[in-house]
Every structure is written in structure tokens, then in C-alpha cells.
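Working notes for the structure below.
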Amino acid sequence: MSNTPISTSASVEEISNLRAEIERHNELYYQKAEPEISDFEFDQLLDRLKALEAEHPELITPDSPTQRVGGKAESLRPFTHTVPLMSLDNSYSLDELKAFTERCERLAEGRRLEYVAELKIDGLSVALHYESALLAVAATRGDGQQGDDVTQNAKTIRTVPLRLKKDKPPHAEIRGEVFLSRSQFARINAELEMQGEKTFANPRNCASGTLRMLDSQVVASRRLDMFPYDVFAGSQKMFTTHWENFEWLEQNGFNVNPNRALCAGYDELVAFINDIETHRDTLDYEIDGVVVKVNSTALQEEFGATTKAPRWAIAYKYPARQATTKLLSISVQVGRTGALTPVANLEPTLLAGTTVARASLHNEDEIKRLGLKIGDYVLIEKSGEIIPQVLQNIPAKRDGTETDFEFPTECPVCGWDAVRPEGEAVRRCTNPDCPAKLKARIQYFASRKAMDIEGLGEVLVETLVDKGLIRDVADLYTLKVEDIASLERMAEKSGTNLIDQIEASKTRGLQRLLYGIDIRHVGERYAKILANNFRSIDRIAEASVEALDDIPEIGLAVAESVHSWFRDPRNIELVTRLKAAGVQTEMDASSTAALDERFVGKTFVLTGRLENYTRDEAAKLIEDRGGRVSSSVSKKTDYVVAGSDAGSKLTKAETLGITVLNEAQFSEMTGEQQ
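Numbered according to numbering that gives the first Met the number 0, the sequence shown spans residues 0 to 673.
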């Protein structure tokens, strides 16, 4: 007898409708920029689809939105390109661009010429291969002849269709540029910084490294994007003109960059290039120029290529956003984790329309790599809104007055030892009471994703700490209106507003509190997982490393970090004082009241059709009582709730000896007898 779940017409219809709805919202968000629902609501649709497909695995298809994220790979396999991905010749002046168009005109021998101008996205080239409309392989450019197979990672990019929307050619190859938006880059670096991890230098490096990662779940969290630009049918161009590619790509579900133009000649190309340059900083992605291509594919083939690049295309590069200036000194800042971060203080210079006087140096290894001395002339670069970076020093400009920089082994703020653990790139202050760490932690605690205390900015925090009014985050709740009003440039109204904000923060909830107290490795996601699984800060404090590690989403490193944090007497005292101040340290009262020892920390799997509950209703009953719901059965599963038509999950549970509850037993256990 088959163990395959029996698909009901209702589940088939709901799965079909959910897939269509998810793809519709993807199109509204990415292609039309007209989202109708929030990210949370989108995730709810996706979670519902995952639950249905887990219940009916025979209905899972390769192009389902749930198939975008896989597991971990052991390595990347090489992939040989059928048609080489050639690089482009660059032009760095309009004169060179004019010479290109004149050469094309000579080769055309009087035939009508058109050019397509499109943005040169600062990312990495990929080739997507579709077999009978389904995405089969995605590969990086590599050396042009051979790249890496990154299919599973490419599937996590929501602007990469898993199935072509309209056409079903036997084989289609779509080429495009994978990139990371500026907004996502800022988010990723902010999260890494909050976790005390090394940040990325620029969006391109982050995108390139991300697409080659072995864990597709991490890739999915980075939210890469892609703009396509070329289509092949087999080894031949699909259309007679390059411009036709874009219409076909849009019709088949791709997110095509709208900034492009069909130009009759050099003058129209220059107009487009100049127009884009004036508003390139308003784009949410990095570009470094404009790509110009002959529109006719017949002429492309006729013009041919050199050994390195096609003769029918060129990349016009905008003037580099770089400048040479003098390194006056290096300051070392101390963050909330105690990390010492060097910053270059520069002779002020005009760069990309603004005066730059500081640039990032990342860490002490970067200073050594660059071979920097105080007094060196350095080349700096500014990219969009990102803090300028020091690219290199210029030893030829040295006059002998330059001096070496010794990276401090003591904290520049408090004087305590600054230690660099083996294998880490960052040196950290060891003083738990370092004023710099304290100020940064308080700002972090007050940040929007944590306790959201509006008005508690950097300057005010610094003043409160320097005057001894606060020595940790718990002291915020002892402040009075007159404490604030007495400060310079503050008044009673300012004090009242801030105290109101501090008071309101007491009810922000357990998840935000866990995020705000700054446990290493515990960002927004892990704070939510801990809150949902333990329901109170006391339960988390009491949990063993094993109990923490038993939570499927929590790894050993996070478990050890959480366990260690709650074994520090200073942290225990901090939590005690926060509780005494009235800060909410448990899930809200209605949920906490429903906690049941039979559910707390237990993992449930729902399978089959329940008569008296929807899947979401049953899951909520479990989670409200302290349990968690998983989509798959494993040795860590405590209970399987089996309704009618239960299939392979029930069989696996019985094989593993896991307790199986029918609907009546589940209702009795929850106290929700029907």
C-alpha cells in the first residue's frame, strides 16, 4: 500500500491559488514597484504554501516558490559555458566612445545603425539555462569559459523566475547581472556590525561572495537581485535585435531594468549617458557606467570579436569617484562589543560632490595590507552613500617625514588591554565597564529594532554617561524629568517626552528586549526564536546549552553564547533590575497565561486534515502554550498530530517511535474539546 498522501481537490486548488498569488505579489513588488501587501503578509502566504506542500509532497513542483531555498552544499561544481561570456572593452572618455561608433559605422558600410544603451550594473555576470521553460542551471561567468554552478543559490533570488511565464523553448539561456541593492547592503552590514562581525567593503564584494556560498538559506537572507540583458536559443541569439530581448524578458517574468534607450547615434548616446550620471545616486544599486551595444544581431555576428571582447559592444565608464589626499592621522573607535575599528583622518578633499575628511580602514590587518604610514598620500574612493574607503597608499609621494602607526594593544578610551583572539580579525577592549562600550550599548538598546526609545540619540547618551546619570541600560528606567531638563540645551518638555518614551519601552515585548540586551550572535531572528520557544527571560536563563541547541533553528555557537551571557553575574543583576523597573520580560499576559508544561519546549508536527481546526488554528494553540510547530518529522519531534489522510509523516513518526495524537487527543491536551 502506498504511503503517498492522497491529494484532495481542495488542497490542489489552494496550492495552485497560493502559488499564483505569491508570483503575482513578486511581480507587483519587483517589476511594477506597486506592492499590495507587507513582507510579513507575503511570508505568511509562503508559510501556508510550505505547510500544504509538506502535507502533500506529491504536489511539489520544481517551480514552486517553496523550492527557492535548499540546504547546504559541500562544494560548487564547475560549469562549462556553451557560448563564452566575453568581457567588454572599456572606454573612459567620450572621445573613445565616439571612436567606437565611427568604427561601427565603417564596418556597417552605409547600413542603418542603431545602438542600445543600458546601465552597467556593478555586480557579477551569470547565465541561467532553462530547459522546457524550467530553470535547470545557473552559473557564474568565471573566466568566461568555465564558471561555478550556483543553481540553488540563484533560485533564492526572487527576480529569477523558476519557470518562464509565457514561452517554452527547448532551451533558453538568459544572461544578466546579479547584484545587491544599496539598501540591502546597508541592512546586512548593520546586522553584522551589531553582532560584532566583520562587515563587507562594498555591495559587489558582498554579492559575489554570497552567490558562491554553500548555504542557500544564508544566501536567501541576503536578498540578492538580478537584471537580465541577453537571451540565447541554444547557441544563437533569439531575436534579430537586442532591443527585442527586453520585451521577451518582461513577458516571461524577469525584472528588466527600465533605464535603457534605443539610440540613433553618438549624440543620443551622450545624452543618455549624461542624463543617467545626473541621477545615478538616486538609484538603489551601484553602476559604474553605461554599456553600448549594436542593436542588430546580424551586424553583431558580422562585426565579430577579438580574442577578449566583442567588436559590437563597449562599456563607457564614468569618471572614477576617487581622489588622492593626505593621511593626517588614524583614530581608533570602540564599539559596543569592544571592537577597535581604525578610521583614517584625511586632509579634506572634494569627492563626488562632498567634502571628505574621514575614511574606513576596517581593521588592523587592512592597515598592514595597505602598508600605511601617517603622512602618506592615499587613494580613496566613494561609492554611493557608503563611507569612503582607502584603496591604496602612494609610496612614490613619500618625502621621509612619514611615521609608522602602531595599532593599540590597549583600549584608547579606558586603557584596559585590547585582546585579539586567535583566528579573529578584530581586537577588543576587555573592560566590561568601558565608557565607549557602554554608550554604544545604550544606543543599541534604544534603537528602533530593540526598545525603540525615540529621542535617545548619540549626543544625549554621551552626556548622560559622562555625567554619571546612567551606567547601564537598566539605569534608563531610574531617570527623572528633572535629570533630563537640567542638561544643556534640554528643557522640561524635552525631559517629559523622553521619560514618556522610556516608560513606553517597558512594554515593547520579550523579543525586542532579547535583541536589545546585546547577547552576542542574537540578532532580530534569534531573539524571536528564543522568545517564541521559551516565552520568558527566566526560562532562557535557566536553559542548558543542550536545551538551547535542541531548538532546530539555534546552532551550538548561538546556544553557547546565550548560555554564557546568562551565567555572568553582571548580566543576571541587569535582568533583575530591568524586571524590578517593570520592563516586560515575558510574552504578553494572554499568551503567558496559556503556558502548559506539556507543550513548553516541545516540537509538534501537524499532518493530515483536521476536522475542527485549520492548520493555522492548530499551530496557534501549540505556540500559545509554549510549543513549536515544525514542517518535518525527525528524532527531535515530540508529537505528531495526525488527522485524516495522514501519510508519510505519520509513517515516519511510527517508525521513529514518536507519540502520535489523533484529533480528539489533541483537543483534550489543549483543553479545547469540541
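We treat Cβ as the ideally placed atom computed from N, Cα and C, and that holds for glycine. Keep in mind that this is a model prediction, so the values were computed, not measured.
For residue i, I'd like the list of residues in its chain whose CB is within less than 6 Å of its CB, leaving aside the five on either flank, ordered along the chain.
i: Lys-601; result: Gly-626 and Asp-637
i: Ala-356; result: Leu-345 and Pro-347
i: Lys-164; result: Asn-251 and Gly-252
Going by alpha carbons, who is nearest to residue i out of the options?
i: Ser-63; options: Ser-74, Glu-73 and Leu-51; result: Leu-51
i: Gly-337; options: Ile-14, Glu-401, Pro-420 and Asp-266; result: Pro-420
i: Leu-84; options: Trp-242, Pro-568, Pro-61 and Ala-126; result: Ala-126
i: Ile-469; options: Gln-442, Ala-449, Ser-234 and Arg-488; result: Gln-442
i: Asp-471; options: Ala-417, Val-460, Lys-479 and Asp-567; result: Val-460
i: Pro-431; options: Trp-415, Gly-456, Phe-444 and Val-425; result: Trp-415
i: Arg-608; options: Val-640, Val-230 and Glu-57; result: Val-640
i: Thr-306; options: Asp-142, Gln-321 and Gly-399; result: Asp-142
i: Asn-204; options: Val-217, Ser-220, Leu-179 and Leu-213; result: Leu-179
i: Phe-184; options: Leu-27, Glu-172, Pro-309 and Pro-202; result: Pro-202
i: Thr-240; options: Ala-137, Glu-113, Asn-254 and Arg-162; result: Glu-113
i: Arg-47; options: Glu-616, Lys-97 and Ala-542; result: Glu-616
i: Thr-675; options: Leu-87, Ile-373, Met-225 and Asp-451; result: For the chain, the structure presents residues 0 to 673; residue 675 sits outside this window and is missing.
i: Tyr-129; options: Pro-160, Gln-299 and Glu-13; result: Pro-160
Short of 7 Å in beta carbon distance, which residues of its chain neighbour residue i, apart from the five on each side in sequence? Order them along the chain.
i: Leu-93; result: Val-269
i: Met-212; result: Asn-152 and Val-218
i: Glu-423; result: none
Which stretch, first to last residue, makes up the beta strand (DSSP E) that contains residue i?
i: Ala-232; result: 224 to 232
i: Leu-118; result: 114 to 120
i: Gly-288; result: 286 to 293
i: His-170; result: 170 to 178
i: Phe-603; result: 602 to 606
i: Cys-103; result: Counting along the chain, Cys-103 falls outside any beta strand (DSSP E), though it belongs to the alpha helix (DSSP H) covering 93 to 107.
i: Thr-348; result: 339 to 350
Tell me which residues share the same chain as residue i and place their Cβ nearer than 8 Å to its Cβ, disregarding the 5 neighbours each side in the sequence.
i: Thr-591; result: Residue placement at Thr-591 cannot be trusted, given a pLDDT of 47 that sits under 50; what the coordinates show is reported in the next sentence. Closer than 8 Å at the Cβ level, and outside the excluded window around Thr-591, lie Arg-534, Ser-535 and Glu-585.
i: Glu-22; result: Pro-64 and Gly-252
i: Arg-597; result: Arg-624 and Met-668
i: Gly-554; result: Asp-548
i: Gly-334; result: Glu-192, Gly-195, Thr-340, Ala-435, Lys-436 and Ala-439
i: Ile-393; result: Thr-323, Asp-375, Tyr-376, Val-377 and Leu-378
Can you tell me whether DSSP reads residue i as helix, strand or coil?
i: Glu-13; result: helix
i: Tyr-129; result: strand
i: Asn-201; result: coil
i: Ser-631; result: coil
i: Gln-144; result: coil
i: Pro-77; result: strand
i: Thr-324; result: strand
i: Thr-654; result: helix
i: Thr-139; result: strand
i: Pro-257; result: coil
i: Val-659; result: strand
i: Ile-187; result: helix
i: Val-159; result: coil
i: Ile-441; result: helix
i: Pro-434; result: helix
i: Val-460; result: helix
i: Arg-18; result: helix
i: Asp-416; result: strand
I'd like to confirm something about residue i: is its beta-carbon nearer than 8 Å to some heavy atom of the ligand ADP, or not?
i: Pro-387; result: As for the ligand ADP, it is missing from this structure, which has no ligand bound.
According to the neighbour-count rule (16 or more other Cβ atoms, all chains shown, within 10 Å of its Cβ), is residue i buried or exposed?
i: Gly-383; result: Reliability fails at Gly-383, whose pLDDT of 48 lies under 50, so the model's placement of it is uncertain and no value is given.
i: Ile-498; result: buried
i: Ser-90; result: buried
i: Val-389; result: buried
i: Pro-674; result: The chain is shown only over 0 to 673; residue 674 falls outside these bounds and no answer can be derived.
i: Asn-244; result: buried
i: Lys-119; result: buried
i: Gly-146; result: buried
i: Val-397; result: Position check: residue 397 holds Arg in this sequence, whereas Val was assumed. With fewer than 16 other Cβ atoms within 10 Å, it is exposed.
i: Arg-140; result: buried
Between which two residues does the alpha helix (DSSP H) carrying residue i extend?
i: Phe-245; result: 242 to 250
i: Leu-468; result: Here Leu-468 belongs to no alpha helix (DSSP H), and DSSP marks it neither H nor E.
i: Leu-371; result: Counting along the chain, Leu-371 falls outside any alpha helix (DSSP H), and DSSP gives it neither H nor E.
i: Val-574; result: 568 to 579
i: Gln-299; result: 296 to 302
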